[in-house]
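Protein chains in written order, with my numbering: chain A, 1 to 298; chain B, 1 to 227.
Heads up, the beta-carbon is just placed ideally off N, CA and C, and yes, glycines get one too.
The structure appears below as structure tokens.
Dropping the structure here:
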């Protein structure tokens, strides 16, 4: 007789429902604040001259739009039944996948832009820069979705509980290898790139006061807030997914923080761009770096 | 003109029924542990593959070998007196051939305890029986995962390890004292269920009937009333 010990991760119905409610509430809050961000951007473009020339707000906007549409498709996907014609489920899964990849790509592009601003600094002019970023940000996910779609990867995805009953069903991947390659793999690449850039930027931000010694050191909490703001842009909250095997509490923390990414982006946008008397002399590390980039482009 | 075509050899789909357990065969068929399940194209006869390894226990008992040491299988085969005075304890440490642990030795983290009453309860008046303890690494593929586990995404066999216990080619049920296997592992998340199971040959799946699971910090003790 052969003996063994089986491990079965479970997500019971009550937990699945609670996590779904948190995700829905968080996504709705995110959508509202992302809408505010988009309205503010349009308003700033008419009132602030620098908005027309700078690329950073445009990238923030592309990320906001993709995140808004991801939240919207998520709410539709979770809210509607996965039953019905397979073609409709296939399309919903493909659209959901597309916007998820757009979010990952734009978070990667945020990190790339940050790299140009803070790490590379010189010789960062590229012709049709934002157009190229847009082609990558909106185009690359199309190719991946076509690839996944042509291998018939989309369909009904079920999460089962201890009694093998379905806790949650949604239109997503029906084949795990495609999910691992086109979601987990794609995410891992963009996340690692973002994490490396963020770590380098954080190091620069925290060591900057020592470079400008004599001019008085800025408060550390400002640097911490700057890094936190940047981390929401490059998608560090998504990285918490890696920690979810640690336990249910981390699953809740991930669900809460990640679904509120839109709110964090809004806060960052307000802090960075909302016109106040001190805006022109902002001491925010990134604001200064945006300025530096603007000058170097000229 | 006569054309001869030969299909590519796929041992996982056409494993031989007349069980051959030469080193070459074992190595060849062990490749199916990773090959089966990698892609949908790698068709495997899971039933035959599983039977091959299940019968390996009998083969070990019938043949006069003492140990097996291959990367995917480690085994200890011993003649045991049915008149033992104490429970028998064996180490099941990973990547080591199972070995008997004496009472005064420190208990290994992974171990199996065979109660002395097990040997006394064996049918027939034998003075000794052959005992085989096998540790099989079943890899990440579909072999020995069973239909339920394969359907249940995220479920797995701990460390892909199976512990085989055979005493004298006999079915032993309703033991007064259970056989005790201790598996050591990292602390598991609270939303993971651990279940001690045995492979039910008739069903071709894992079953927990007659086995109890005692959860501990970094280890799980399985007690089963049958072999």
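For the stretch 153-166 of chain B, residues whose beta-carbon sits nearer than 8 Å to a beta-carbon of chain A comprise 153, 154, 155, 156, 157, 158, 161, 162, 163, 164, 165, 166. Approximately 6 Å separates the beta-carbon atoms of residue 185 of chain B and residue 158 of chain B; this is inside 8 Å, confirming the contact. Residue 123 of chain B counts as exposed, since fewer than 16 other C-beta atoms from the protein chains shown sit within 10 angstroms of its C-beta.
Here residue 85 of chain B carries a coil assignment [DSSP, helix/strand/coil].
Judged by DSSP secondary structure, residue 104 of chain A falls within the alpha helix (DSSP H) whose first and last residues are 86-114. When CB distances to chain A are screened at a threshold of 8 Å, the residues of the stretch 182-206 of chain B falling below it are 183, 185, 188, 189, 190, 191, 192, 193, 194, 195, 196, 197, 198, 199, 206, in chain order. Against chain A, a Cβ distance below 7 Å from residue 222 of chain B picks out 3, 5. When 7 Å is used as the limit between beta carbons, residue 227 of chain B is near these residues of chain A: 1, in chain order. For a cut-off of 8 Å, the C-beta gap from residue 161 of chain B to residue 4 of chain A is around 7 Å, short enough to register as a contact. Close partners of residue 149 of chain B in chain A (Cβ separation under 9 Å): 6, 8. Taking a Cβ-Cβ cut-off of 8 Å, the neighbours of residue 11 of chain A in chain B comprise 191, given in sequence order. Going by DSSP, residue 148 of chain A is part of the alpha helix (DSSP H) stretching over 129-150.
By the Cβ criterion, the stretch 186-206 of chain A is in contact with the stretch 110-117 of chain A, since at least three pairs of Cβ atoms, one from each stretch, lie closer than 8 Å. Listed along the chain, the chain B residues whose CB falls inside 9 Å of the CB of residue 247 of chain A are 189, 190, 191. According to DSSP, residue 220 of chain B shares a beta bridge with B:183, B:215. Between residue 182 of chain B and residue 196 of chain B, the C-beta gap is not smaller than 8 Å, which leaves the two residues out of contact.
Per the Cβ contact rule, the stretch 98-112 of chain A is in contact with the stretch 226-239 of chain A (3 or more Cβ pairs under 8 Å).
Exclusion of the five residues before and after residue 36 of chain B leaves 12, 42, 44, 46, 49, 141, 142, 143 as the residues of its chain whose Cβ lies within less than 8 Å of its Cβ. If you draw a 10 Å sphere on the C-beta of residue 192 of chain A, you find fewer than 16 other C-beta atoms in it, and that means exposed. Note on residue 70 of chain A: 16 or more other CB atoms within 10 angstroms of its CB, so buried under the neighbour-count rule. DSSP lists B:69, B:135 as the beta-bridge partner residues of residue 74 of chain B. Of the other Cβ atoms in all chains shown, fewer than 16 fall within 10 Å of the Cβ of residue 249 of chain A; this residue is therefore exposed. Around the beta-carbon of residue 145 of chain B, 16 or more other beta-carbon atoms lie within 10 Å, marking it buried.
Around the C-beta of residue 65 of chain B, fewer than 16 other C-beta atoms lie within 10 Å, and the residue is accordingly described as exposed. About 5 Å separates the CB atoms of residue 130 of chain B and residue 61 of chain B; that is less than 8 Å, so the two are in contact.
Excluding sequence positions up to five before and after residue 171 of chain B, its CB lies within less than 8 Å of the CB of 226, 227, all in the same chain and listed in chain order. In this structure, the CA atom of residue 240 of chain A is about 48 Å from the CA atom of residue 175 of chain B. Just so you know, the alpha carbons of residue 130 of chain A and residue 88 of chain A end up roughly 34 Å apart. Taking a cut-off of 8 Å for Cβ pairs, the stretch 47-56 of chain A and the stretch 1-20 of chain A do not touch, as fewer than three such pairs fall below it. In summary, residue 128 of chain A is exposed, with fewer than 16 beta-carbon neighbours lying within 10 Å of its beta-carbon over all protein chains present.
Per DSSP, residue 20 of chain B lies in no alpha helix (DSSP H) and is assigned neither H nor E.
For residue 119 of chain A, the closest C-alpha among the options A:275, A:8, A:143, A:197 is that of A:197. When only Cα atoms are considered, residue 55 of chain B and residue 192 of chain B end up about 32 Å apart.
In this structure, residue 171 of chain A sits away from residue 45 of chain A, with a CB-CB distance that is not shorter than 8 Å.
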